[in-house]
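Residue numbers (the working numbering): 10 to 239.
In this text, a Cβ means the ideal position worked out from N, Cα and C, and glycines have one as well.
Worksheet: one structure, shown below.
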């Protein structure tokens, strides 16, 4: 189902915020990453057994807005309350385009998705026993989470890992036992990326992950083989 003209105007406005913001970030979290997440999130949503709110997915897909407040790039104060940060945007959409995201509750849901989409947030909430029924059942959250995580594995995942490692001036590869090993790109594969496939929440996302996961395994094996032959 295509967005209405008013909904498309809201999407276009959110896209402008995203492009202006992501221009300040490194290539691992740029506008092209967001567009890939957006497209994948919508594909997952359209293949979901229970149809989610596509506007929430695309905005909370925010697919378009999900990385604007990424904690790696903004202050803790800014990231602490996505609803407060985006409230002026939500309010302006009512007056400009007749989509009242505040009163219809979708603004709150979009902000909630943004606040809970990250891998590290999920890990911390589960460790503290704060993972709730909403986290388990919110289809919009699952669409965005899976799409974002799918872009962290496969070919683009490998490129993005290398890009972020370079941007933060960390080593790409160090041998086992080296004190810099925990900060290396290759360790990130073992700590997170290789775990992603088995922790996806949607069936369609899991199907998309199969080939990408195998590429990660092949890449890690190739790196180890080349290092040991050097």
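Exercise. Going by C-alpha distance, which of 127, 50, 65 and 93 is nearest residue 79?
Worked result: 127
Exercise. For the alpha helix (DSSP H) that contains residue 231, what are its first and last residues?
Worked result: From DSSP, the alpha helix (DSSP H) with residue 231 extends over 212–238.
Problem set entry | Alpha-carbon spacing of residue 122 relative to residue 238, whole angstroms | 46 Å
Problem set entry | Coarse secondary structure for residue 76, derived from DSSP in three states | coil
Problem set entry | Neighbourhood of residue 165 by C-beta distance below 7 Å, restricted to the same chain and skipping five residues each side | Cβ within range, chain order: 45.
Exercise. Which same chain residues, not among the five before or five after residue 37, have their C-beta less than 7 Å away from its C-beta?
Worked result: Cβ within range, chain order: 169, 172, 173 and 176.
Problem set entry | Reference residue 232; option with closest CA among 167, 206 and 221 | 167
Problem set entry | Distance between residue 106 and residue 203 (C-alpha atoms, nearest Å) | 43 Å
Exercise. What is the DSSP secondary structure of residue 126, counted as helix, strand or coil?
Worked result: coil
Problem set entry | Closest by C-alpha distance to residue 197, when choosing among 58, 52, 140 and 228 | Per the Cα distances, 228.
Exercise. Below 7 Å between beta carbons: does that hold for residue 208 and residue 163?
Worked result: Going by C-beta atoms, residue 208 is not nearer than 7 Å to residue 163.
Problem set entry | For residue 213 and residue 57, the rounded distance between their alpha carbons | Residue 57 and residue 213: Cα-Cα distance of roughly 7 Å.
Exercise. Do residue 30 and residue 83 have their C-beta atoms within less than 7 Å of each other?
Worked result: For residue 30 and residue 83, no; Cβs fall outside 7 Å.
Exercise. Hey, out of 148, 154 and 64, whose CA is closest to residue 102's CA?
Worked result: 64
Exercise. Skipping 5 residues on each side, what residues in its chain have a beta carbon closer than 8 Å to that of residue 113?
Worked result: none
Exercise. Expressed to the nearest angstrom, what Euclidean distance is found between the alpha-carbon atoms of residue 49 and residue 34?
Worked result: Their Cα atoms are separated by approximately 21 Å.
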